[in-house]
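Scroll down for the structure; my scribbles are underneath it.
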Amino acid sequence: MGGGSSSTSESGSAQKWAQPFAKQAAGDVQAVFNANQPQLNQITQGVTSLLPGISQRYTQGTPTLNAAKGLTAQTLGGSFLGGNPYLQNIINQTNRGVTDTVNSQFSLGGRYGSGAHTGVLAKQLADAEAGLRYQDYGTERGYQNQAIGQAGALEGVDNASLAALLQAAGVGAELPYTGINALSGGLGSLFSGGTQTQKSGGGFLNSLLGAAGTVGAAAIKPSDPSLKSNIEHIYNLEDGLGVYSYDYIAAPNDEIAQYMPEGRQIGVMADEVANLRPWALGPEIGGYMTVNYGAL
Numbered sequence: 000m001g002g003g004s005s006s007t008s009e010s011g012s013a014q015k016w017a018q019p020f021a022k023q024a025a026g027d028v029q030a031v032f033n034a035n036q037p038q039l040n041q042i043t044q045g046v047t048s049l050l051p052g053i054s055q056r057y058t059q060g061t062p063t064l065n066a067a068k069g070l071t072a073q074t075l076g077g078s079f080l081g082g083n084p085y086l087q088n089i090i091n092q093t094n095r096g097v098t099d100t101v102n103s104q105f106s107l108g109g110r111y112g113s114g115a116h117t118g119v120l121a122k123q124l125a126d127a128e129a130g131l132r133y134q135d136y137g138t139e140r141g142y143q144n145q146a147i148g149q150a151g152a153l154e155g156v157d158n159a160s161l162a163a164l165l166q167a168a169g170v171g172a173e174l175p176y177t178g179i180n181a182l183s184g185g186l187g188s189l190f191s192g193g194t195q196t197q198k199s200g201g202g203f204l205n206s207l208l209g210a211a212g213t214v215g216a217a218a219i220k221p222s223d224p225s226l227k228s229n230i231e232h233i234y235n236l237e238d239g240l241g242v243y244s245y246d247y248i249a250a251p252n253d254e255i256a257q258y259m260p261e262g263r264q265i266g267v268m269a270d271e272v273a274n275l276r277p278w279a280l281g282p283e284i285g286g287y288m289t290v291n292y293g294a295l
């Protein structure tokens with residue numbers, strides 16, 4: 000057996016000898032698509048059902064968020080500057096303390112009621128009140144500065160809602176096509192998309208194995224030569240491993256029967272795999288050798 004020869008397949012079809020196997024695999028891909036598309040449609044409906052709620056949150060907000068925005072806007076606008084209802088009481092209390100202190104000092108010096116007494120008292124009262132008002136003004140300005148940062152955070156909540164809305168919309172828009180894309184990819188791996196030259200025909204075997212993995216088909220196949228009939232050699236892989244088309248004989252026992260599909264098959268022989276790619280041998284089932292096609 001040689002290394003095989005190059006072959007050419009025309010656009011839109013597999014080679015003639017491979018068409019029955021490609022059609023069978025295409026049927027497997029279609030069956031998986033048909034079985035899973037309803038669940039995919041349900042997921043799509045679930046995602047799209049979230050859109051109205053997310054859209055409303057973005058455009059109308061929530062009571063808590065709207066209240067926070069309103070208070071922040073009032074603070075930034077200066078609505079609370081000079082609005083401390085307790086400030087005047089604090090000033091009055093401080094003025095009484097300042098007055099008592101100054102009066103006591105001038106009384107001890109015998110100068111109570113003098114011009115100096117009046118001047119010092121007026122200055123002390125003015126300084127005390129100015130200090131209190133300046134402190135209160137600085138505190139309120141500090142609240143405004145904090146509100147600037149809070150406003151940015153609140154805008155970030157809106158942006159997060161918008162991002163969630165756009166993401167959900169994008170996922171909802173893509174999901175309906177996920178199954179179609181997978182179906183197209185699976186079928187495309189079975190039929191060439193144009194005129195291609197394949198050395199030793201290995202490309203079709205790789206495509207068939209890849210499609211089997213995509214649709215979740217079992218990778219373990221009975222490959223004992225004694226289970227096969229009407230064997231035809233197709234080509235050799237680069238290491239000399241032969242690829243054959245064949246039919247399975249009647250299943251010799253129930254254990255192996257479940258692994259032997261009907262119809263014309265394409266694959267390798269377990270005895271050759273044992274010599275050339277022993278790592279790809281599968282478990283013995285019902286006394287017969289198998290091959291793990293996923294390890295080839």
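For the sequence shown, numbering that gives the first Met the number 0 assigns the number 295 to the last residue and increments by one with no breaks.
For every residue, glycine included, the Cβ atom is placed at its ideal position computed from N, Cα and C.
With 16 other Cβ atoms within 10 Å as the buried cut-off, status of residue i
| i | result |
| --- | --- |
| I265 | buried |
| A25 | buried |
| T43 | buried |
| K227 | buried |
| Y142 | exposed |
| T71 | buried |
| N236 | What sits at residue 236 in the sequence shown is Leu, not Asn. Per the 10 Å Cβ criterion, buried. |
| G109 | exposed |
| L240 | buried |
| T289 | buried |
| G281 | buried |
Assigned secondary structure, residue i (DSSP; H/G/I helix, E/B strand, else coil)
| i | result |
| --- | --- |
| G289 | Going by the sequence as given, residue 289 is Thr instead of Gly. T289 falls in the strand class under three-state DSSP. |
| D246 | strand |
| G26 | helix |
| Q264 | strand |
| Y111 | coil |
| A221 | Here the sequence assigns Pro to residue 221, which means Ala is not the residue at that position. Three-state result, P221: strand. |
| G241 | strand |
| N235 | strand |
| N229 | strand |
| L49 | coil |
| L280 | strand |
| F77 | Note that residue 77 is Gly in the sequence shown, not Phe. Three-state result, G77: coil. |
| N88 | helix |
| L39 | helix |
| Q257 | coil |
| L131 | helix |
| E58 | The sequence given here places Thr at residue 58; Glu does not occur at that position. Residue state, collapsed to three classes: helix. |
| L70 | helix |
Beta-carbon spacing of residue i, residue j below 8 Å
| i | j | result |
| --- | --- | --- |
| S222 | V272 | yes |
| Y243 | M259 | no |
| L86 | D135 | yes |
| N101 | Q73 | Position check: residue 101 holds Val in this sequence, whereas Asn was assumed. Not closer than 8 Å, so no. |
| T93 | A127 | yes |
| R263 | D246 | yes |
| T98 | L120 | yes |
Minimum Cβ-Cβ distance from residue i to chain D less than 8 Å
| i | result |
| --- | --- |
| Q166 | The chain labelled as chain D is not found in the depicted structure, where only one protein chain is given. |
Check whether the segment 249-258 touches the segment 268-279, counting contact only when three or more Cβ pairs, one atom from each stretch, lie closer than 8 Å. With a cut-off of 8 Å, the segment 268-279 and the segment 249-258 do not count as touching, because too few Cβ pairs lie within range.
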